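Peer 1: If you scroll down you'll find the structure; I have some questions about it.
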Amino acid sequence: MAQHATKGARFHAITANRLDNGEVVYFHAQKNWQSDIARAAVLDGADALDALMIEALSSRFSQTVVDLYAFAVDDPANHDANAPVHPLSVREIIRAAGPTIRLDLGKQADAPRA
Amino acid sequence: MYRYDEFDHQMVQARVDQFREQVERRLSGALTEDAFKPLRLMNGVYLQLHAYMLRIAIPYGTVSSRQMRKLAHIAREYDRGYGHFTTRQNIQFNWPELVRIPDILQELADVEMHAIQTSGNCIRNVTADQYAGAIVDEIEDPRILSEIIRQWSTFHPEFSFLPRKFKIAVSAHEQDRAAIRFHDIGISIERDPAGAIGYTVYVGGGLGRTPFIGKCIGTLIAPRDILAYLEAVMRVYNRFGRRDNSYKARIKILVHEIGEEAMRQEVEAEFAKNKSRGHLALPEAEQARITAYFADPEFEDLAEDCATFDDARRDNADFDHWVRQNTVPHKQSGYVIVNVSLKPIGGVPGDATDVQMDGLADIAEAYALDEIRVTHEQNLVLPHVRKQDLYTVYQKLCDLDLATSNLGLITDQIACPGLDYCNLANARSIPIAQQVSERFASRERQDAIGKLSIKISGCINACGHHHIGNIGILGVDKKGTENYQLTLGGRPDEQAAIGEITGPAFTEDTVVDAIETIVDTYLDLKIDQENFIDTYRRVGMAPFKERLYG
Amino acid sequence: MAKQLIKNGALVSDEWTLVEDDAPLTEAPSIVSVNRLLHDDALAERNAPLALILRAGTKTGEDVYALAPYLDRLTMIAIEFPVFRNGRGYSSARILREELGYQGELRAEGEVLYDQLLFLSRCGFDSYHIDDTIDPAQFAKALNTLPDAYQPSDTHNAGILWRRHLSS
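Residue numbers (this note's numbering), protein chains in the order written: chain R, 16 to 129; chain S, 13 to 562; chain F, 129 to 296.
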């Protein structure tokens with residue numbers, strides 16, 4: 016399982032790809048996988064992360080996804096309530112949006128116009 | 013080109029059926045991801061940053077118009093309307109859905125294409141000179157041997173779980189356009205002093221985190237013995253290649269660790285055993301059967317000179333420039349080899365839309381004896397075009413945005429997919445290529461600079477071949493930001509050379525300026541008609557380092 | 129993970145016992161290591177069934193050719209696949225069968241996946257210690273996933289590349 020958590024980062028979210036079509040999804044606090052990073056559960060601290068990870072990895076939830084891992088995000092308090100989840104790494108920012116050289120592809124193309 | 017017989021069709025169909033069943037078992041949970049992963053990799057299915065990625069084999073880079081139309085159809089119906097041609101002469105689609113991939117493979121099988129062994133620790137697509145069968149002074153068509161190797165290596169029971177991936181390239185010319193010295197096995201087709209054809213085998217070349225130039229292990233192997241020889245190399249590798257560390261598992265590491273002479277002895281010992289059993293000596297009849305598929309197409313008897321062609325060059329400066337830059341003399345009088353650049357200014361290197369693929373298929377069918385080639389530098393080739401049709405072809409390529417007149421020039425760059433697409437990347441490569449392309453867009457400037465290859469990789473795996481670019485750019489992660497390390501002096505051809513690092517890395521904001529500094533340094537120092545690589549070999553790194561870092 | 133033994137397509141019970149290098153030998157069918165085979169003189173006089181376990185190793189493997197003088201003593205050779213990705217055993221099997229003419233039983237031991245069974249059989253294996261979640265009835269199916277082979281091998285005397293011209 017890949018790990019893209021920054022050392023010492025406080026906040027994390029959990030992501031994976033859908034098994035059937037490869038779409039990037041995020042684990043929601045309501046315990047399901049959905050495609051909008053804004054609704055990803057943000058875990059404060061290692062204990063909270065471990066607890067939700069165990070759930071996400073359980074056969075109940077992990078069967079429909081592949082390559083599940085946690086990644087570091089910024090403190091949601093620093094951001095707008097409508098878009099609270101901000102990855103710390105360039106890789107996860109790109110993963111949440113789509114290829115930077117094709118703005119017509121990926122999640123960025125599906126997002127409603129701001 | 014090769015046409016499947018009943019055996020080939022059965023094998024490809026069986027693999028499609030087998031993979032369909034494996035996907036079903038995976039989706040139902042009967043197969044875990046750990047067990048499924050090597051199976052999907054052996055069918056070219058990767059999991060990437062945004063989605064699955066499917067890599068389709070284009071054996072030795074040769075594809076017909078019918079096959080190109082099928083690729084356009086797949087782009088349209090199963091993907092997002094485009095495909096990417098790779099540094100191993102394959103094509104990649106970036107958005108296929110796993111549930112639909114068996115259907116894609118079935119559609120490919122219908123036109124004699126597949127995705128077999130385009131990934132995984134097995135023998136991959138065999139690549140060859142993109143000018144095969146068309147270029148002057150070719151020893152023999154390298155695709156004959158490439159096709160024999162393709163069949164021999166497909167579903168090989170002994171070599172499907174190698175220490176790591178295995179890449180083979182074949183060249184049959186003094187000028188190596190297939191980068192054979194940077195492959196796990198590179199084969200140079202030559203003539204011995206008596207004029208008989210022999211295959212000289214290089215082993216242990218490669219790029220990645222530790223680049224190596226291949227060692228000449230076998231000289232002028234007789235064609236009849238080549239499979240016995242290759243099987244010997246593979247067996248030595250499968251037996252002795254390291255299994256403890258996947259970063260040290262390529263055959264280049266084995267050759268480096270035991271030494272060239274020890275490698276030669278081990279291979280010779282196995283080769284002798286194979287030869288004495290004789291089971292791998294290909295029957296003459298089969299050799300002849302495969303050779304016949306690569307016979308010359310029905311060339312017409314044409315004069316070398318063509319008045320309408322000369323007139324068009326005189327009347328149209330753009331056409332004239334394109335002829336000089338993108339076309340190559342053909343072995344057959346009155347014909348020309350045409351390079352189709354997939355590097356439009358500011359575009360994504362190596363990408364083509366479904367419209368472009370369909371359009372090119374039409375052109376190939378009408379004007380190029382129905383054949384298209386893919387180069388390892390992410391461009392395409394129409395190998396057989398009549399001079400008298402060249403202006404028409406040019407105009408049609410212009411309509412498709414496929415007539416960028418920059419072959420071999422600074423804007424003809426290689427870029428891997430990088431962090432925009434790839435799970436392994438540390439940095440983005442395509443935006444760098446786009447910025448470089450825009451900075452040097454001026455035709456006059458490009459012509460003044462001349463032949464200069466820039467190759468960009470988004471991580472140390474070097475899929476962009478940065479080690480063998482005249483200028484190489486390697487994306488690295490420096491404390492969470494994308495940085496770019498530069499190398500100079502790489503060459504992929506028969507004068508093989510690995511680029512040397514200039515010094516500290518540059519940021520996204522400074523790297524294009526650094527490229528410009530390197531180019532200006534070259535222009536200041538060049539003598540006569542020297543290309544960048546010649547000047548670099550003459551003056552070395554020092555002047556460039558001085559100008560870059562002060 | 130429990131295992132089952134499939135030999136010649138049928139589920140059989142395992143008669144063999146692995147004996148450690150320092151443990152005493154009995155008359156029961158015993159599997160020994162290469163080290164013991166090469167250095168334990170007591171084995172030369174043994175009449176009871178004897179088998180060998182050939183470890184794959186990670187950095188370096190064991191030398192299959194060194195076994196040549198001992199092959200006629202061995203009823204069975206078990207070739208280890210420590211992880212399914214470590215394919216050294218395929219070469220070991222072919223060398224034993226095709227170069228050294230070994231006629232005894234060749235068993236695939238360790239992590240052996242259903243989807244590898246076809247390749248294993250083509251390299252000369254005739255028994256498989258596989259995960260017991262695999263239905264033995266599926267075994268025959270596994271051997272037929274590909275109708276033919278391009279290359280010559282133990283079970284296909286000539287590959288497609290060679291056979292195309294035999295019938296003509």
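Just so it is clear, CB atoms sit at the ideal spot from N, CA and C, and this is done for glycine as well.
Owing to the predicted nature of the structure, the values given are computational and were not obtained by experimental measurement.
Less than 8 Å separating the beta-carbons of R193 (chain S) and A508 (chain S)?
Peer 2: yes
Peer 1: Please name the residue, chosen from S:R549, S:V28 and S:C228, that lies closest to R112 (chain S) on a Cα-to-Cα basis.
Peer 2: S:V28
Peer 1: Could you have a look at W144 (chain F) and say whether DSSP puts it in helix, strand or coil?
Peer 2: coil
Peer 1: Rounded to a whole number of angstroms, what is the C-alpha to C-alpha distance between S141 (chain F) and L133 (chain F)?
Peer 2: 6 Å
Peer 1: Starting from T166 (chain S), find everything on chain F with Cβ-Cβ shorter than 8 Å and list it in chain order.
Peer 2: Y278, listed in chain order.
Peer 1: Using only the alpha-carbon positions, how far apart do N438 (chain S) and L402 (chain S) sit?
Peer 2: 43 Å
Peer 1: Classify P235 (chain S) as helix, strand or coil using the three-state DSSP reduction.
Peer 2: Three-state result, P235 (chain S): helix.
Peer 1: Is there contact between the region 359-370 of chain S and the region 425-434 of chain S, where contact requires at least three CB pairs shorter than 8 Å?
Peer 2: yes
Peer 1: Counting only C-beta atoms, is A20 (chain R) closer than 8 Å to chain S at any point?
Peer 2: Because the pLDDT at A20 (chain R) is just 48, under 50, the model does not fix this residue reliably, and the value given afterwards should be weighed accordingly. Not one chain S Cβ lies under 8 Å of A20 (chain R).
Peer 1: Please go through the region 215-276 of chain S and give each complete alpha helix (DSSP H) segment of 4 or more residues, from N-terminal end onward.
Peer 2: Counting only runs of at least 4 residues, the region 215-276 of chain S fully encloses the following alpha helix (DSSP H) elements, listed from N- to C-terminal order: 238-252 and 263-270.
Peer 1: Checking the sheet assignment: what are the DSSP bridge partners for G56 (chain S)?
Peer 2: In the DSSP output, where bridge partners are listed per residue, G56 (chain S) has none listed.
Peer 1: Against chain S, with Cβ distances strictly below 8 Å, would I116 (chain R) count as a contact?
Peer 2: For I116 (chain R), the nearest CB of chain S lies under 8 Å from its own CB, placing it at the interface with that chain.
Peer 1: Would you call the region 83-90 of chain S and the region 41-48 of chain S touching, i.e. three or more CB-CB distances under 8 Å?
Peer 2: no
Peer 1: Using a Cβ cut-off of 8 Å (strictly closer), state whether L174 (chain S) contacts chain F.
Peer 2: For L174 (chain S), the closest Cβ of chain F is nearer than 8 Å.
Peer 1: Along the alpha helix (DSSP H) that carries A85 (chain R), what are the first and last residues, could you check?
Peer 2: No alpha helix (DSSP H) contains A85 (chain R), which is instead part of the beta strand (DSSP E) from V80 to V88.
Peer 1: Buried or exposed for H96 (chain S), please, with buried defined as at least 16 other CB atoms from any protein chain shown within 10 angstroms of its CB.
Peer 2: buried
Peer 1: Please list, in chain order, the chain S residues whose beta carbon lies closer than 8 Å to that of S281 (chain F).
Peer 2: P169 and E170
Peer 1: Would you call H21 (chain S) buried or exposed, if buried means 16 or more other Cβ atoms sit within 10 Å of its Cβ?
Peer 2: exposed
Peer 1: Could you tell me whether the region 201-214 of chain S touches the region 144-157 of chain S, using the rule of 3 or more Cβ pairs below 8 Å?
Peer 2: yes
Peer 1: If we count the other Cβ atoms within 10 Å of its Cβ and call it buried at 16 or more, is I197 (chain S) buried or exposed?
Peer 2: buried
Peer 1: Could you say which of S:C434, S:E389 and S:R254 lies nearest to T139 (chain S) if we only look at CA atoms?
Peer 2: S:E389
Peer 1: Let's test the definition: count the other Cβ atoms within 10 Å of the Cβ of A517 (chain S) and tell me whether it reaches 16, buried, or not, exposed.
Peer 2: So A517 (chain S) counts as buried.
Peer 1: Is the CB-CB distance between L241 (chain F) and F267 (chain F) below 8 Å?
Peer 2: no
Peer 1: So, with DSSP's three-state summary, where would you put M125 (chain S)?
Peer 2: If DSSP states are grouped into helix, strand and coil, M125 (chain S) belongs with coil.
Peer 1: To the nearest angstrom, report how far apart I270 (chain S) and D256 (chain S) are at their CA atoms.
Peer 2: 16 Å
Peer 1: Against H291 (chain S), what residues of chain F qualify as contacts under a CB-to-CB distance less than 7 Å, listed in chain order?
Peer 2: P280
Peer 1: Alpha carbons only, please: which of S:S441, S:Q497, S:T519 and S:Q187 is nearest the one belonging to T115 (chain R)?
Peer 2: Nearest option by C-alpha distance: S:S441.
Peer 1: Straight-line CA distance for A111 (chain R) to S104 (chain R)?
Peer 2: 11 Å
Peer 1: Are the region 407-417 of chain S and the region 84-103 of chain R touching by the rule of at least three beta carbon pairs closer than 8 Å?
Peer 2: Judged by Cβ distances under 8 Å, the region 407-417 of chain S makes no contact with the region 84-103 of chain R, as fewer than three pairs qualify.
Peer 1: Select from the region 27-50 of chain S all residues with a C-beta closer than 8 Å to any C-beta belonging to chain R, and list them in chain order.
Peer 2: Flagged, chain order: R38, L39, G41 and E45.
Peer 1: Taking buried to mean at least 16 other C-beta atoms within 10 Å of its own C-beta, is S220 (chain F) buried or exposed?
Peer 2: buried
Peer 1: Reducing DSSP to helix, strand and coil, say where R78 (chain S) ends up.
Peer 2: helix
Peer 1: At least one CB of chain R closer than 8 Å to the CB of L412 (chain S): is that the case?
Peer 2: no
Peer 1: Would you verify that the beta carbon of D432 (chain S) is, or is not, closer than 8 Å to some beta carbon of chain R?
Peer 2: yes
Peer 1: Under 8 Å, Cβ to Cβ, is there at least one residue of chain S near I205 (chain F)?
Peer 2: no
Peer 1: At a CB-CB cut-off below 9 Å, which residues of chain S make contact with E38 (chain R)?
Peer 2: H62, A63 and E109
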